[in-house]
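Q: A single structure is presented below for examination.
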Amino acid sequence: MTRNENLMGTTLIVVDYKDGVMIATDSQTSSGNLVTNRVADKITQISKFSVCCRSGSAADTQAITNQLRIEVKENSTRTEQNVKIRTIVQMLRNFCYKEKEKLNCGFICTGWDKFHGGQIYSIIQGGAVLRNKIALSGSGSLFINGFCEENYKEKMSRKECKTFLGRAVSLAILHDGGTGGVIRLCNISKSGIKRSVFFPNSQPKNHILLKDSFFVLV
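Counting from 12, one number per residue, gives the positions in the sequence shown under my numbering.
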């Protein structure tokens with residue numbers, strides 16, 4: 012890793028809810044103490060029903076997700092079917108394991124398929140894979156573990172999940188210097204992928220989960 016390499020001191024949260032999975036991230040990347048991009052997109056679409064959330068070196072994670080997207084597209088074309096989320100995760104795991112000594116990266120791979128519904132997998136640098144109902148990654152996740160443990164519940168509605176994620180990332184932006192910009196939200200269900208962007212709430216009400224207080228940007 013070089014001194015001037017762009018790093019994503021970041022906050023990534025993925026939650027399994029009633030109809031699928033929902034992802035929220037901040038949008039800031041930095042190089043040392045310099046913020047290089049305030050509106051970066053850390054959610055990379057892999058297929059019609061799957062995305063990867065990236066943390067670590069921007070260059071490493073972009074290169075890997077580009078390779079992964081090509082391989083998934085080739086697999087889908089060859090089989091004439093949507094690739095299972097578990098298959099995509101294994102592809103990503105292989106990329107991470109082969110280059111584990113050179114990379115600085117972490118991923119959350121998530122999506123929906125007709126076999127297992129919404130799925131969330133964390134892939135760490137060495138290639139280990141963990142499946143969870145909720146996954147957090149990045150420097151900002153250290154500041155919101157308590158909030159998430161207190162307020163997360165299984166089988167949330169779409170509105171409840173959206174409010175929970177908006178509060179969580181707003182708290183991370185407030186407390187973590189490496190997290191900033193806007194909140195990018197991505198919802199994945201049997202209908203496909205839907206994305207939106209929000210301003211963070213600058214006063215998260217003493218970490219109490221109240222009403223939806225962030226609003227649509229685009």
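For every residue, glycine included, the Cβ atom is placed at its ideal position computed from N, Cα and C.
The model shown is predicted, which means the values in this text are computed figures rather than measured ones.
Which residues in the same chain as Ala183 place their Cβ atom closer than 6 angstroms to its Cβ, once the five residues preceding and following it in sequence are excluded?
A: Thr22, Gly151, Phe154, Ile155 and Thr190
Q: So, with DSSP's three-state summary, where would you put Val94?
A: coil
Q: What are the boundary residues of the alpha helix (DSSP H) that Asn274 is part of?
A: Here the chain comprises residues numbered 12 to 229, so residue 274 is not present and cannot be evaluated.
Q: In angstroms, rounded to a whole number, what distance separates the CA positions of Val94 and Asn212?
A: 37 angstroms
Q: Buried or exposed for Ser61, going by 16 or more other Cβ atoms inside 10 Å?
A: Ser61 sits buried, since 16 or more C-beta atoms from the chains shown fall within 10 Å of its C-beta.
Q: Count the other CB atoms, across all protein chains shown, that sit within 10 Å of the CB of Lys205; report buried if there are 16 or more and exposed otherwise.
A: exposed
Q: For my contact list, Ala69 and Thr40 are in at a C-beta cut-off of 8 angstroms; report their separation, rounded to the angstrom.
A: 6 angstroms
Q: Are the beta-carbon atoms of Ala179 and Cys197 separated by less than 8 angstroms?
A: Contact flag unset, no.
Q: From what residue to what residue does the beta strand (DSSP E) around Leu114 run?
A: From DSSP, Leu114 is part of no beta strand (DSSP E); its letter is neither H nor E.
Q: From Asp27 to Phe106, what distance separates their C-alpha atoms?
A: 25 angstroms
Q: If you draw a straight line from the alpha carbon of Val50 to that of Arg65, how long is it in whole angstroms?
A: 14 angstroms
Q: Using the three-state DSSP reduction, which class does Asn44 fall into: helix, strand or coil?
A: coil
Q: Quick one: what's got a C-beta closer than 6 angstroms to Leu147's C-beta in the same chain, skipping five residues either side?
A: Ile24
Q: Compute the beta-carbon to beta-carbon distance between Ala35 and Leu176, rounded to the nearest angstrom, for a pair I have assumed lies under 8 angstroms.
A: 4 angstroms
Q: Ignoring anything shorter than 3 residues, give me the beta strand (DSSP E) runs that lie fully in the region 184-213, in order along the chain.
A: Those beta strand (DSSP E) runs which fall completely within the region 184-213 and span 3+ residues are 194-200 and 203-209.
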